[in-house]
Amino acid sequence: MKKGKKLSIIMISLMLCLAMLLLSACRGQPADNEKQKPETQEEQTPKEQTKEEEEESAPDDLSVDLGKGYILSAPGQFPIVDKPVTLKVFQAAHPNVEDYDTNYSLSWFEEKTNVDIEWMLASGADAGQRLTLLLAANAKEDMPDVFLTGLGRGVVEAYGSQGILMDLTELIDKYTVNVKKLINENEKIASMYKCFDGNIYFLARYYETIHVQHTQKMWMNMDWLKRLGLEIPKTTDDFYNVLKAFKEKDANGNGDPDDEIPYIAFTGGYNSALPSYIMNAFVYSPVSGSKLYVEDGKVKVSYAQNGWREGLRYYKRLYDEGLMDNESFSMTLDQAKALAAAPTGNRVGCKAGGTVDIFNFSDPTIHDFETIPPLEGPTGLKQSPLEFWQPSPFFFISSYCEHPEVAIRWADAQFYDCIPDLKEGNFEWLQLWYGEEDVGWAKAQEGEVGFTGKPAVYKWLFNWGEIQNTHLYETFLINMPAEWKELIATDMGVGYNQEKILYDATINNYRPYSVDMTLPTMSLDEPTAIEVSEIGTNLTTYYQEMMAKFIRGEASLDNDWDSYINELNNIGLERYLEIYQQAYERTVN
3 MKKGKKLSII
13 MISLMLCLAM
23 LLLSACRGQP
33 ADNEKQKPET
43 QEEQTPKEQT
53 KEEEEESAPD
63 DLSVDLGKGY
73 ILSAPGQFPI
83 VDKPVTLKVF
93 QAAHPNVEDY
103 DTNYSLSWFE
113 EKTNVDIEWM
123 LASGADAGQR
133 LTLLLAANAK
143 EDMPDVFLTG
153 LGRGVVEAYG
163 SQGILMDLTE
173 LIDKYTVNVK
183 KLINENEKIA
193 SMYKCFDGNI
203 YFLARYYETI
213 HVQHTQKMWM
223 NMDWLKRLGL
233 EIPKTTDDFY
243 NVLKAFKEKD
253 ANGNGDPDDE
263 IPYIAFTGGY
273 NSALPSYIMN
283 AFVYSPVSGS
293 KLYVEDGKVK
303 VSYAQNGWRE
313 GLRYYKRLYD
323 EGLMDNESFS
333 MTLDQAKALA
343 AAPTGNRVGC
353 KAGGTVDIFN
363 FSDPTIHDFE
373 TIPPLEGPTG
383 LKQSPLEFWQ
393 PSPFFFISSY
403 CEHPEVAIRW
413 ADAQFYDCIP
423 DLKEGNFEWL
433 QLWYGEEDVG
443 WAKAQEGEVG
453 FTGKPAVYKW
463 LFNWGEIQNT
473 HLYETFLINM
483 PAEWKELIAT
493 DMGVGYNQEK
503 ILYDATINNY
513 RPYSVDMTLP
523 TMSLDEPTAI
533 EVSEIGTNLT
543 TYYQEMMAKF
553 IRGEASLDND
563 WDSYINELNN
573 IGLERYLEIY
583 QQAYERTVN
């Protein structure tokens, strides 16, 4: 050791000893029973701390002063700021939330976080237009700090790359706990969030709810089936025979054999439009309008496959024989509800979709409808496409936001996974989810069970869709793991227990036949996004138009199919698939 270094160490040691003597003098001498034996040399040598001990001894207070007049607490700690901070937030108001300024959940969340919200609310009908105008104008005096509403990914990333919306990457890494955990624990999710430029411009609502993973369900009138002595159909041929019996044998038992409508499809419902459920017996047909999917690493579209033609041939048979309502291409949800509530009784035998949305919960006829498993097609295909969660923009920050670190912490708080708390009897965060205790929710009583048969933790005290002011109908940045709704009591106090019915139907009838060919959400640069959007819109318009013509017989599936495929390619199908193939390979590699 060099002489200078040795002297420095001696001097430091002497100064430390002097400081210890002074400190001892200030504290006073210990009592006789407090005196310790002289320490050995070994005991005087400082013991090196382990990493775990260092973390335990680290200060709990990691708050920071950003020089903005408030102290920001450590990530995950509450309140977020020591003094109230106001954020201006744009949102499409839920029609069944009475008043955002007095809503119980929002008031509780403001008190919890110390973040006050100045709401810029728009109706669902004009939210999209207002949002587009705000972003296009980019006027500081009109822009909110935060957008908490849905918008297309391409639009959000285009404005993000232009600097109108903030890059959230560093904010997420520096200030979040819950968002960072979700992204870091799942590489698939992490890759889907990133923009083509490597940045992240939005957060999305995350959910693993079981029933939304398979919304292409078929709901059949079991009362009609039993009245006619029929079994649940297993194949497309069986299904055809059931529909034929519904039409010809007075299935509703009112004495009129001609007023039954075996099968209906309509727009405005929960995935109730054509082609839906039946098409999957012939070709993989995801619920998305684009019909894009990946098979063995190759990007495809359902409507260009030969199985699509055979599926349309089957639909044409139903149409020609009056087994499918001939108004199914133009029927609306309200018109479908009218058929279900006809003066002579329900006229509908079965309908596809995520729920039985043609009945009110109070109508006892809704209990007659149950789901049937996927049909087996003529080639043995029997499948239910998995609808994997995709990150759709719901939260993004304006470049004019003066408190982005508060905004991202506010978002991160909404992502809090409170399942461990609920299991331990801590119900605090249900106040964000469902409002005031004994108004929006209640603790489960002894003996009440959840969907899986295990003891329930809580239950709802509201009917979905009623106007109330205690909660938000989950219209925030939810983080809903699969286990979330399994904690709800089976008997939730409503006549038609939709959550339990959907859960059981999915687990029993669709999960066993789940097939995942999901094309993940991918980011495209602005010129490519514009190109693919234009081609995609034209392709969707054309294939849907031709689907109706083929089924109605206005075009021939035998004579006009090749012309149909050629026109798809003229519109740009090959280029469309090429773009997505390249993006897919970038994403997975």
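Per this note's numbering, the sequence shown starts with residue 3, numbered consecutively. Yeah, the Cβ is synthetic: ideal placement off N, Cα and C, and Gly gets one too.
Exercise. According to the neighbour-count rule (16 or more other Cβ atoms, all chains shown, within 10 Å of its Cβ), is glycine 379 buried or exposed?
Worked result: Here residue 379 corresponds to residue number 377 of the sequence shown, with the count starting at 1. Glycine 379 is buried by the Cβ-count criterion.
For this session: Tell me, please, whether the region 428–443 touches the region 185–205 by the rule of three or more beta-carbon pairs shorter than 8 Å.
Result: no
Problem set entry | Length of the line joining the Cα atoms of aspartate 258 and lysine 251 | Taking the first residue of the sequence shown as position 1, residue 258 is located at position 256. Taking the first residue of the sequence shown as position 1, residue 251 is located at position 249. Distance between the alpha carbons of aspartate 258 and lysine 251 is about 9 Å.
For this session: Let me know the secondary structure DSSP gives tyrosine 295 once reduced to three states.
Result: Residue 295 sits at position 293 when you count from the first residue of the sequence shown. Tyrosine 295: strand per DSSP, three-state reduction.
For this session: Report the partner residues of glutamate 439 according to the DSSP bridge assignment.
Result: Locating residue 439 in the sequence shown gives position 437, counting from the first residue. Partner(s): Trp443.
Problem set entry | Euclidean distance between Cα positions of threonine 543 and glutamate 113 | Against the sequence shown, residue 543 aligns to sequence position 541. Against the sequence shown, residue 113 aligns to sequence position 111. Those two C-alpha atoms are separated by around 49 Å.
For this session: Please determine if the region 444–452 and the region 334–350 are in contact, where contact requires at least 3 C-beta pairs separated by less than 8 Å.
Result: no
For this session: From the DSSP output, in three-state form, read off isoleucine 532 for me.
Result: Translated into positions along the sequence shown, residue 532 becomes position 530. Helix.
Problem set entry | Boundaries (first-last residue) of the beta strand (DSSP E) holding glutamate 120 | Locating residue 120 in the sequence shown gives position 118, where the first residue counts as 1. Here the beta strand (DSSP E) through glutamate 120 covers 117–124.
Problem set entry | alpha helix (DSSP H) segment containing tyrosine 286, residue limits | To locate residue 286, count along the sequence shown from 1; it is residue 284. First-last for tyrosine 286: undefined, no H or E at that position.
Exercise. Buried or exposed: where does asparagine 510 fall if 16 or more other Cβ atoms within 10 Å of its Cβ makes it buried?
Worked result: Along the sequence shown, read from residue 1 onward, the residue named residue 510 stands at position 508. Per the 10 Å Cβ criterion, exposed.
Problem set entry | Span of the beta strand (DSSP E), counted from its first residue to its last, around threonine 88 | Within the sequence shown, the letter at position 86 stands for residue 88. Looking at the DSSP string, the run of the beta strand (DSSP E) that includes threonine 88 is 87–94.
Exercise. Is the CB-CB distance between phenylalanine 284 and glutamate 323 below 7 Å?
Worked result: Along the sequence shown, read from residue 1 onward, the residue named residue 284 stands at position 282. Along the sequence shown, read from residue 1 onward, the residue named residue 323 stands at position 321. No, the Cβ-Cβ distance between phenylalanine 284 and glutamate 323 is not below 7 Å.
Exercise. With a cut-off of 8 Å, do at least 3 Cβ pairs link the region 233–240 to the region 377–391?
Worked result: yes
Exercise. Among Ile469, Tyr305, Asp84, which residue has its Cα nearest to the Cα of glutamate 569?
Worked result: Position 567 of the sequence shown, counted from the first residue, corresponds to residue 569. When each option's Cα is compared against that of glutamate 569, the closest is Tyr305.
For this session: Write down every uninterrupted run of the beta strand (DSSP E) in the region 442–500 whose length is 3 residues or greater and which is fully enclosed by it, in chain order.
Result: 443–445, 460–462
Exercise. Between the C-alpha atoms of asparagine 572 and glutamate 372, what's the straight-line distance to the nearest angstrom?
Worked result: Taking the first residue of the sequence shown as position 1, residue 572 is located at position 570. Taking the first residue of the sequence shown as position 1, residue 372 is located at position 370. Cα to Cα, asparagine 572 sits roughly 43 Å from glutamate 372.
Exercise. Which of helix, strand or coil does DSSP assign to glycine 200?
Worked result: Numbered from its first residue, the sequence shown carries residue 200 at position 198. In this structure, glycine 200 counts as coil in the three-state DSSP scheme.
For this session: Can you give me the start and stop residues for the beta strand (DSSP E) that asparagine 348 sits inside?
Result: Here the question's residue 348 lines up with position 346 in the sequence shown. Element bounds for asparagine 348: n/a, residue is neither H nor E.
Exercise. The beta strand (DSSP E) spanning lysine 142 covers which residue range?
Worked result: Within the sequence shown, residue 142 is the residue found at index 140, counting from 1. Looking at the DSSP string, lysine 142 is not in any beta strand (DSSP E), and its letter there is neither H nor E.
Exercise. Under 7 Å, do tyrosine 286 and tyrosine 295 count as touching if we go by C-beta distance?
Worked result: For the purposes of this step, residue 286 is taken as residue 284 along the sequence shown, with counting starting at 1. For the purposes of this step, residue 295 is taken as residue 293 along the sequence shown, with counting starting at 1. Going by C-beta atoms, tyrosine 286 is nearer than 7 Å to tyrosine 295.
Exercise. Going by DSSP, what residues sit across from glutamate 374 in a beta bridge?
Worked result: For the purposes of this step, residue 374 is taken as residue 372 along the sequence shown, with counting starting at 1. In the sequence on display, residue 374 carries isoleucine and not glutamate. Isoleucine 374 is bridged to Met220.
Exercise. In terms of residues, what are the limits of the alpha helix (DSSP H) holding isoleucine 509?
Worked result: Here residue 509 refers to the residue found at position 507 of the sequence shown. Per DSSP, isoleucine 509 belongs to no alpha helix (DSSP H) and is neither H nor E.
Exercise. From which residue to which residue does the alpha helix (DSSP H) around isoleucine 263 run?
Worked result: Looking up residue 263 in the sequence shown gives position 261. Counting along the chain, isoleucine 263 falls outside any alpha helix (DSSP H), though it belongs to the beta strand (DSSP E) covering 263–266.
Exercise. Cβ atoms of alanine 127 and threonine 151: under 7 Å apart, would you say?
Worked result: One-based indexing of the sequence shown puts residue 151 at position 149. One-based indexing of the sequence shown puts residue 127 at position 125. In this structure, alanine 127 does not lie closer than 7 Å to threonine 151 by Cβ.
For this session: Scan the region 222–264 and note each continuous alpha helix (DSSP H) run of 4 residues or more that stays entirely inside, going in chain order.
Result: 224–229, 238–250
Exercise. Cα separation between valine 214 and histidine 96?
Worked result: Taking the first residue of the sequence shown as position 1, residue 214 is located at position 212. Taking the first residue of the sequence shown as position 1, residue 96 is located at position 94. Rounded to whole angstroms, valine 214 to histidine 96 spans 20 Å at the Cα level.
Problem set entry | Cβ-Cβ distance between glycine 271 and aspartate 359 below 7 Å | Counting from 1 along the sequence shown, the entry for residue 271 is found at position 269. Counting from 1 along the sequence shown, the entry for residue 359 is found at position 357. Against a cut-off of 7 Å, the Cβ pair of aspartate 359 and glycine 271 comes out as a contact.
Exercise. Asparagine 471 and aspartate 101 look like a contact to me (Cβ under 8 Å); what is the Cβ gap, rounded to whole Å?
Worked result: Here residue 471 refers to the residue found at position 469 of the sequence shown. Here residue 101 refers to the residue found at position 99 of the sequence shown. Indeed, because the Cβ distance is near 6 Å, the residues count as touching under 8 Å.
Exercise. What number of angstroms, rounded off, separates the C-alpha of tryptophan 391 from the C-alpha of valine 181?
Worked result: Along the sequence shown, one-based indexing puts residue 391 at 389. Along the sequence shown, one-based indexing puts residue 181 at 179. About 16 Å.
For this session: Take leucine 137 as the anchor and find which of Ser109, Trp110, Leu167, Arg155 has the nearest alpha-carbon.
Result: For this step, residue 137 is matched to residue 135 along the sequence shown. The option with the nearest alpha carbon to leucine 137 is Leu167.
For this session: Measuring alpha carbon to alpha carbon, tell me which of Gln218, Leu388, Asp298, Met222 ends up nearest asparagine 273.
Result: The count along the sequence shown starts at 1 and reaches residue 273 at position 271. Of Gln218, Leu388, Asp298, Met222, the residue nearest in Cα terms is Gln218.
For this session: Give me the Cα-Cα distance between histidine 216 and isoleucine 174, rounded to the nearest whole angstrom.
Result: By one-based count along the sequence shown, residue 216 stands at place 214. By one-based count along the sequence shown, residue 174 stands at place 172. Whole-angstrom Cα-Cα distance: 31 Å.
For this session: Please report the residue range of the alpha helix (DSSP H) in which lysine 190 lies.
Result: In the sequence shown, counting from the first residue as 1, residue 190 sits at position 188. Run containing lysine 190: 189–195, per the alpha helix (DSSP H) assignment.
For this session: Kindly give me the distance between the Cβ atoms of methionine 220 and alanine 354, rounded to whole angstroms, as I take these residues to be in contact under 8 Å.
Result: To locate residue 220, count along the sequence shown from 1; it is residue 218. To locate residue 354, count along the sequence shown from 1; it is residue 352. Indeed, because the Cβ distance is near 5 Å, the residues count as touching under 8 Å.
For this session: Pull up the DSSP beta-bridge partners for lysine 300, would you.
Result: If you number the sequence shown from 1, residue 300 lands on position 298. DSSP output for lysine 300 lists Glu297 as bridge partner(s).
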